[in-house]
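Enquirer: Sharing a structure, written as structure tokens. Questions coming.
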Amino acid sequence: MFKFETVDFLESLRCRVGCTRQEIFKAKELGFSKIVINTSLDPLVSMPDILKSIESLQSVLQTVCSNDQEIYLSIDNALEFPVEEVNMVDILYPFIAEYGIKRLILGDVNGKMDPFITYNKFNLFMNMAQCPVEYMGCNNYGMATANTLSALRAGVEYVATAVGGIGIPGVAAMEEVLMAARHLWKNEQVPNGYTIAADCENILRRAGIILPGEKAIIGKNVFAHESGIHVDGVIKNPNLYEAIRPEEVGLSRFLVIGKHSGTASLTQKLRQLDLSLSSQEAATLLDKVRHTAVLQKKPVTDAQLKTLYNLHMESIKESNVHLPIEGEISCD
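The sequence shown lines up with residues 536 to 867 when you count with the working numbering.
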């Protein structure tokens, strides 16, 4: 496990502060050299009022400059303004030039954008940007990952993500953005994710969050298959039902045996457990498996399946015991 020197670690982090000198000084005391000045503007006010609000940032920016800190300016709701009427990149240009703003962060804090609007707005922004632009999309309506990919398509080089998309209301899930770029865009520059599932689970656990088994890309149940037709297809060609290989994110495919299972999945599962049955016997055992799964309202475990298998084999042996008929009993 890596150990970071405190100073080096702080230098790699950005401290997000409000538009107050008090918060900026506090961040300085804590040792942060990179400051994200966070603000939002009212989209319902007139242009003069918007300009007045932006001008009020001047004293805050001067304070950061006097502290020799890198400035990142974040407008949380920048994408809510019609680009034709209020172009944030154009309006903020004087501040970018005067205070050497390292990066302009344009956000969609209320998650109101869709991928098409996001792409079109950043397509215009990027043609006028005087400094690097970053996008931060929130997940109020489940669109954060899609919008983030659209921003990247429009030329944005920096995007805000989080492991598992955690937060309130959350941002784009880092693992989803990485895997989408790698597979949908065939971008080989994206690093391989052979440990990403375990790494993400470890980070979430340290944050006191349990990783849901159904979490896309990194959840342990993502590559679980129960339906008979799905299992049959996955056995023959995994690409039919799996967009990425489980090994690529450090997970493994496994079969769930329950009320939706078929003989193909049951036979394959038994094979994994070093057990075997004929097709006819598997069909008989499947009825018992489904009955058990329905009664307990969940799939059967490997231990339960082994027990059902053993009971089934015993019943077969008992039915094959030869019972003597009259005249066959020896009196010797």
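Every residue, glycine too, gets a C-beta built ideally from N, C-alpha and C.
Predicted, not measured: the structure shown is a model, and the values here were computed from it.
Apply the 10 Å Cβ neighbour rule to F544 and answer buried if 16 or more other Cβ atoms are within range, or exposed otherwise.
Expert: Counting from 1 along the sequence shown, the entry for residue 544 is found at position 9. Per the 10 Å Cβ criterion, exposed.
Enquirer: Rounded to whole angstroms, what is the Cα-Cα separation between E546 and S568?
Expert: Stepping through the sequence shown from its first residue, residue 546 is reached at position 11. Stepping through the sequence shown from its first residue, residue 568 is reached at position 33. Approximately 6 Å, taken between the alpha carbons.
Enquirer: Which word fits I851, buried or exposed, when buried means at least 16 other C-beta atoms lie within 10 angstroms of its C-beta?
Expert: Stepping through the sequence shown from its first residue, residue 851 is reached at position 316. By the neighbour-count rule (16 or more Cβ atoms within 10 Å), I851 is not buried but exposed.
Enquirer: Could you pull the DSSP bridge partners for S609 from this structure?
Expert: The residue labelled residue 609 in the question sits at position 74 within the sequence shown. N573 and I640, per the DSSP bridge assignment.
Enquirer: Closer than 6 Å by C-beta to V725: which residues in its own chain qualify, once you throw out the five before and the five after it? Chain order, please.
Expert: Walking along the sequence shown from the start, residue 725 turns up at place 190. Within the same chain, V725 has close Cβ partners L713, A716 and R717.
Enquirer: Measuring straight from C-alpha to C-alpha, what distance separates G797 and V835?
Expert: Taking the first residue of the sequence shown as position 1, residue 797 is located at position 262. Taking the first residue of the sequence shown as position 1, residue 835 is located at position 300. G797 and V835: Cα-Cα distance of roughly 14 Å.
Enquirer: Tell me whether G566 sits in a helix, a strand or coil according to DSSP, three-state version.
Expert: Sequence index remark: in the sequence shown, residue 566 carries index 31 (1-based). The answer is coil: DSSP assigns G566 none of H, G, I, E or B.
Enquirer: Less than 8 Å between C-beta atoms, sequence neighbours within five positions excluded: which residues of the same chain meet that for E711?
Expert: Within the sequence shown, numbered from 1, the residue matching residue 711 stands at position 176. Hits under 8 Å: T680, G700, A751 and I752.
Enquirer: Can you have a look at Y607 and say buried or exposed, based on whether 16 or more other CB atoms are within 10 angstroms of its CB?
Expert: The residue labelled residue 607 in the question sits at position 72 within the sequence shown. So Y607 ends up on the buried side.
Enquirer: Counting along the chain, where does the alpha helix (DSSP H) carrying G768 start and finish?
Expert: Stepping through the sequence shown from its first residue, residue 768 is reached at position 233. Where G768 is concerned, the enclosing alpha helix (DSSP H) stretches over G763 to K771.
Enquirer: Should G553 be labelled buried (16 or more other beta-carbon atoms within 10 Å of its own) or exposed?
Expert: Position 18 of the sequence shown, counted from the start, is the residue given in the question as residue 553. Burial call: exposed.
Enquirer: Write down the C-beta distance between G642 and N612 rounded to the nearest angstrom, noting that I regard them as a contact closer than 8 Å.
Expert: Indexing the sequence shown from 1 puts residue 642 at position 107. Indexing the sequence shown from 1 puts residue 612 at position 77. Right, the Cβ-Cβ distance comes to about 6 Å (below 8 Å), so this counts as a contact.
Enquirer: Would you give the residue range spanned by the alpha helix (DSSP H) that V824 belongs to?
Expert: In the sequence shown, residue 824 corresponds to position 289, counting from 1. Unbroken alpha helix (DSSP H) run through V824: S814 to Q831.
Enquirer: Taking the alpha helix (DSSP H) that V946 falls in, what are its first and last residues?
Expert: This structure gives no information on residue 946, because the portion of the chain shown stretches from 536 to 867.
Enquirer: Report, in whole angstroms, the separation of the C-beta atoms of K624 and M663, which I expect to be a contact under 8 Å.
Expert: Here the question's residue 624 lines up with position 89 in the sequence shown. Here the question's residue 663 lines up with position 128 in the sequence shown. Looking at the sequence shown, residue 624 is not Lys but Val. So it is a contact: roughly 5 Å between Cβ atoms.
Enquirer: Apart from the five residues just before and just after Q803, which ones in its own chain have a Cβ nearer than 7 Å to its Cβ?
Expert: If you number the sequence shown from 1, residue 803 lands on position 268. Excluding positions up to five away in sequence, the list reads V766, I770 and L790.
Enquirer: Hey, how far is the Cα of L801 from the Cα of A732?
Expert: Position 266 of the sequence shown, counting from 1, holds the residue named residue 801. Position 197 of the sequence shown, counting from 1, holds the residue named residue 732. Their Cα atoms are separated by approximately 28 Å.
Enquirer: Taking the C-alpha atoms as reference points, what is the distance between P578 and Y670?
Expert: Indexing the sequence shown from 1 puts residue 578 at position 43. Indexing the sequence shown from 1 puts residue 670 at position 135. Using only the alpha carbons, I get a separation of about 18 Å.
Enquirer: Is C600 near the ligand FAD, with its Cβ less than 7 Å from a heavy atom?
Expert: No copy of the ligand FAD occurs in the structure displayed, which carries no ligand at all.
Enquirer: Identify the continuous beta strand (DSSP E) that holds V668 and give its terminal residues.
Expert: For the purposes of this step, residue 668 is identified with residue 133 of the sequence shown, where counting begins at 1. Taken as a continuous stretch (DSSP letters only), the beta strand (DSSP E) holding V668 covers V668 to G672.
Enquirer: Give me the DSSP bridge partner(s) of H760.
Expert: The count along the sequence shown starts at 1 and reaches residue 760 at position 225. In DSSP, H760 forms a bridge with L790.
Enquirer: Measuring straight from C-alpha to C-alpha, what distance separates I652 and P781?
Expert: Position 117 of the sequence shown holds residue 652. Position 246 of the sequence shown holds residue 781. Going from the Cα of I652 to the Cα of P781 covers about 33 Å.
Enquirer: When burial is assigned at 16 or more other CB atoms within 10 Å of the CB, is T730 buried or exposed?
Expert: Locating residue 730 in the sequence shown gives position 195, counting from the first residue. Classification for T730: exposed.
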